[in-house]
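J.: According to our numbering, the sequence shown is numbered sequentially starting from 163.
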Amino acid sequence: VLEVARLLAAQRTDHAVIIEDAKVLGIVTDKDLCFRVLAQELDPAKTPIQAVMTPNPVCLKAADGLGAALRLMNERGFRHMPVLSADDDEDGGGILGVLDMAKCVQASLERVERAQRATQELELAWAAVGREFQLDGAR
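Rendered as structure tokens:
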């Protein structure tokens, strides 16, 4: 556990996918370390990562689509989910990355905000056109 915790700190990340012999064995997060190690007063230097990781995590295929992935993560309460290449059969050799629910929600909110700003700009431009040409219904 200590080795993984140090790796998370060095990489400034909150999760690690545990891979052995090109197979995804599990995933461990900062929450796992807090709840399963610190809160249980386990010795991180002596506790094997397998004792605290989530074994055999559900993995996504790259072709699964973001919407389906987020629905699954929400339904199952996952904050992180490994993403495998489309031609991979759940071995670590084809891991593309890890989908992070919080980052996905943040990115989605940013897109909504950009769309709202674009809509407001379009409405202002349309009102200006209406005033310029004295169109009916212009604001």
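The beta carbon of each residue, even a glycine, is placed where N, CA and C say it ideally should be.
A quick note: this is a predicted structure, and the numbers were derived from the prediction, not measured.
Which residues share a DSSP beta bridge with I257?
T.: Looking at the DSSP assignment, I257 forms a beta bridge with L246.
J.: Buried or exposed: G229, going by 16 or more other Cβ atoms within 10 Å of its Cβ?
T.: Exposed: under 16 other Cβ atoms inside 10 Å.
J.: Expressed to the nearest angstrom, what Euclidean distance is found between the alpha-carbon atoms of V245 and V291?
T.: Their Cα atoms are separated by approximately 48 Å.
J.: In the structure shown, what three-state DSSP assignment does V166 receive?
T.: In this structure, V166 counts as helix in the three-state DSSP scheme.
J.: Which residues bound the beta strand (DSSP E) around K185?
T.: K185 to T191 is the span of the beta strand (DSSP E), which, as asked, contains K185.
J.: Can you tell me where the alpha helix (DSSP H) with V291 in it begins and where it stops?
T.: Its alpha helix (DSSP H) spans residues M263 to F295.
J.: Measuring CB to CB, does L258 end up less than 7 Å from A224?
T.: Yes; because the gap between Cβ atoms is below 7 Å, this pair is in contact.
J.: Sort out for me which residues DSSP pairs A178 with in a bridge.
T.: Answer by DSSP bridge pairing, in chain order: V190.
J.: By how many angstroms is the C-alpha of H177 removed from the C-alpha of L170?
T.: C-alpha separation (whole angstroms): 7 Å.
J.: What's the C-alpha gap between D262 and T191?
T.: Whole-angstrom Cα-Cα distance: 11 Å.
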